[in-house]
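Following my numbering, the numbering of the sequence shown begins with 3 at its first residue and continues without gaps. Beta carbons are placed, not taken as given, at the ideal position from N, Cα and C, and that holds for glycine. The structure displayed is predicted, hence computed values, not measured ones.
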Amino acid sequence: MNLNQYDAYFFDLDGTLIDSSGDLADAINQVRSLQNLSQLTHQEVEAGVGHGASALIKHCFPQALPEHLPELRNAFTRAYGSQLCKHTYAYAHVEDVLHYLKNQPQVKLALITNKPSRFAMPLLKALGWSELFDLYLYGDSLAERKPSSLPITHALQHFNLEAHQALFIGDTEVDAQAATSAQVPLAIVAWGRAAKAVTDGTYGTQTQVVEFKDFLTKA
């Protein structure tokens, strides 16, 4: 798969372009401290990222009673909202690749994330990426979010493109399921949780595992 053959590139955010696990873990652990619970590692928290805040709370508070989950979720969103970009950073080569693609004639960029707009927008502003993409789709932008194919098909329609003309780049099974359902070629970052499944052929032949430097070396 030639990484530079596409008319559009659709990117996931957390775990793909940025490592936000530090800030997410800090927010989770603030809430756990209030509950007199032990602290979780960044890796333990990150394993629950990708399915929304409610799923993350269930993952990080497995013993919590169902009626207590909304309160825990609210406490988490308050804590996370107060420190969105304290430890968050872009992975190596990400900014070079985004600017490289942005400068290619006729190439379109879309950000397709499950992160709600109230968190994603100030985070993107802090990173200096508020105007970097041609289309921004957040977790609350449409009626459905990934793993539904709707955000990807919406982006295709927005740019008037066929599925084979775009490449989706993500890191988790949620991303892989969305891209596969939309029949869009898929690239999973080498550090992503879905990388092994891609290598094993779970998501078919239109997939590969990539590092961001690959976009620059395979021009």
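Sub-8 Å separation of residue i and residue j beta-carbons
i           : j           : result
residue 26  : residue 51  : yes
residue 90  : residue 139 : no
residue 117 : residue 42  : no
residue 20  : residue 82  : no
residue 12  : residue 114 : yes
residue 134 : residue 144 : no
residue 181 : residue 109 : no
residue 2   : residue 158 : Outside the displayed range of the chain (3 to 221) lies residue 2, so it cannot be described from this structure.
residue 87  : residue 58  : no
residue 36  : residue 66  : no
residue 200 : residue 178 : yes
Which of helix, strand or coil DSSP assigns to residue i
i           : result
residue 109 : coil
residue 211 : strand
residue 66  : coil
residue 98  : helix
residue 129 : helix
residue 217 : helix
residue 170 : strand
residue 71  : helix
residue 145 : coil
residue 135 : coil
Candidates the options, of which the one nearest residue i by Cα
i           : options            : result
residue 176 : 190, 109, 167, 137 : 190
residue 217 : 152, 209, 95, 182  : 95
residue 183 : 163, 197, 205, 198 : 205
residue 219 : 30, 99, 122, 33    : 99
residue 208 : 195, 56, 170       : 170
residue 72  : 31, 80, 56, 84     : 56
Nearest-angstrom Cβ-Cβ length linking residue i and residue j, presumed shorter than 8 Å
i           : j           : result
residue 173 : residue 54  : With a Cβ gap of about 16 Å, residue 173 and residue 54 do not count as contacting.
residue 211 : residue 197 : 5 Å
Segments of 4+ residues assigned as alpha helix (DSSP H) that fall wholly inside the stretch 18-65: The stretch 18-65 contains these whole alpha helix (DSSP H) runs: 23-36, 44-48, 55-62.
Complete beta strand (DSSP E) runs within the stretch 172-202 (minimum length 3 residues, chain order): Within the stretch 172-202, the complete beta strand (DSSP E) runs of at least 3 residues fall at 188-191.
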